[in-house]
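Here the structure is laid out as structure tokens; the discussion comes afterwards.
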Amino acid sequence: MSRIGRRPIKIPQSVKIQIDENQILVTGPKGRQQASLHEKLQMEQKNDEIKILADYKGDTIARTQMGTLYSLLNNMITGVSAGFQKQLRLVGVGYRAAISGKTLELNLGYSHPIKYELPDIVDAKVNANTQIVLESCDKQALGQVAALIKQMRPPEPYKGKGVLFEGEKILRKAGKSGKK
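Using the working numbering, the first residue of the sequence shown is number 19, and each one after it goes up by one.
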């Protein structure tokens with residue numbers, strides 16, 4: 019079993035952490051996030067480090083939750099201090115994106131434009147009509163929004179058209195071979 023949860027987490031100067039019974043509140047310059055603490059876990063904060071303690075004698079669930087909480091807390095601290103970013107590319111003739119307020123309007127080859135209302139925690143910018151940059155302090159919400167946008171027109175293997183993550187490669191298939 020992983021021992022990742024035993025390592026202390028460094029807290030940057032710009033981040034403040036409040037621990038109330040079973041709730042953790044992380045506040046920083048990019049926003050704030052909240053998570054719940056498992057009943058068998060405790061947290062100990064000393065200066066600029068935070069450590070997760072578990073009462074796991076004979077209980078493997080507490081140990082697994084310890085590693086999960088470590089990763090969640092680390093992502094929350096990174097999110098509120100530096101933030102997370104995902105980039106999407108629109109590949110295809112006539113595929114365009116535009117943003118107005120919190121509404122993302124996508125032309126993806128359908129007979130109508132698709133309007134997607136972004137959650138409050140996610141911000142978007144459109145570069146050159148075919149690149150969408152999503153930013154958020156919440157890694158899970160950012161990944162969910164990016165996956166939903168990609169799902170509107172998933173990449174297809176024959177021409178490579180669709181919504182792709184930046185740097186994603188599409189495995190292309192050969193078309194039909196003609197009659198011989």
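Built from N, CA and C at the ideal position, the CB exists for glycine as well.
Pair within 8 Å by beta-carbon distance, residue i and residue j
| i | j | result |
| --- | --- | --- |
| Leu91 | Ile27 | yes |
| Ile132 | Leu126 | yes |
| Met61 | Gly23 | no |
| Gly101 | Lys48 | yes |
| Ala140 | Ile95 | For the sequence presented, residue 140 should be read as Val rather than Ala. Cβ atoms of Val140 and Ile95: not closer than 8 Å. |
| Gly180 | Val109 | yes |
| Thr82 | Ala115 | no |
| Asn93 | Lys197 | no |
Residues of its chain near residue i, where Cβ-Cβ distance is below 7 Å and the 5 sequence neighbours each way are ignored
| i | result |
| --- | --- |
| Asp73 | Lys58 and Ala80 |
| Gln36 | Leu43 |
| Glu174 | Gly180 |
Nearest-angstrom Cβ-Cβ length linking residue i and residue j, presumed shorter than 8 Å
| i | j | result |
| --- | --- | --- |
| Leu160 | Lys104 | 6 Å |
| Asp66 | Ile29 | 5 Å |
| Gly13 | Gln51 | With the chain covering only 19 through 198, there is no way to say anything about residue 13. |
| Leu136 | Leu124 | At roughly 12 Å, the Cβ-Cβ gap does not stay under 8 Å, so Leu136 and Leu124 are not in contact. |
| Gly165 | Leu106 | What sits at residue 165 in the sequence shown is Ala, not Gly. Not confirmed; about 10 Å, so no contact. |
| Tyr176 | Lys187 | Rounded, the Cβ-Cβ distance is 15 Å, inconsistent with contact. |
Beta bridge counterpart(s) of residue i as assigned by DSSP
| i | result |
| --- | --- |
| Lys104 | Leu152 |
| Gln41 | Asp38 and Ser54 |
| Gly49 | Gly46 |
| Ile29 | None, per the DSSP bridge assignment. |
Close-in-space but distant-in-sequence residues of the same chain around residue i (CB under 8 Å, 5 per side omitted)
| i | result |
| --- | --- |
| Leu87 | Gly23, Ala53, Leu55, His56, Leu59 and Ile70 |
| Ser89 | Ile22 |
| Leu189 | Pro175 |
Own chain partners of residue i with C-beta closer than 6 Å, once the 5 adjacent residues on each side are dropped
| i | result |
| --- | --- |
| Cys155 | Lys48, Gly49, Gly97, Val98 and Gly101 |
| Gly46 | Ser32, Val33, Val98 and Ser99 |
| Arg171 | Leu126, Gly180 and Val181 |
| Val151 | Gln105 and Lys143 |
| His130 | none |
Any non-hydrogen atom of the ligand FMN closer than 7 Å to residue i Cβ
| i | result |
| --- | --- |
| Tyr88 | What this structure holds is no ligand at all, so the ligand FMN is not there to describe. |
Discussion item. If we require 3 or more residues per run, which beta strand (DSSP E) segments fall completely within the segment 108-183?
Written reply: Note on the segment 108-183: whole beta strand (DSSP E) runs with a minimum of 3 residues are 114-118, 121-125, 132-135, 140-145, 149-154 and 180-183, in chain order.
Item to complete: List in chain order: all unbroken beta strand (DSSP E) runs of 3+ residues lying wholly within the segment 51-95.
Response: Complete beta strand (DSSP E) runs here, min 3: 59-64 and 67-72.
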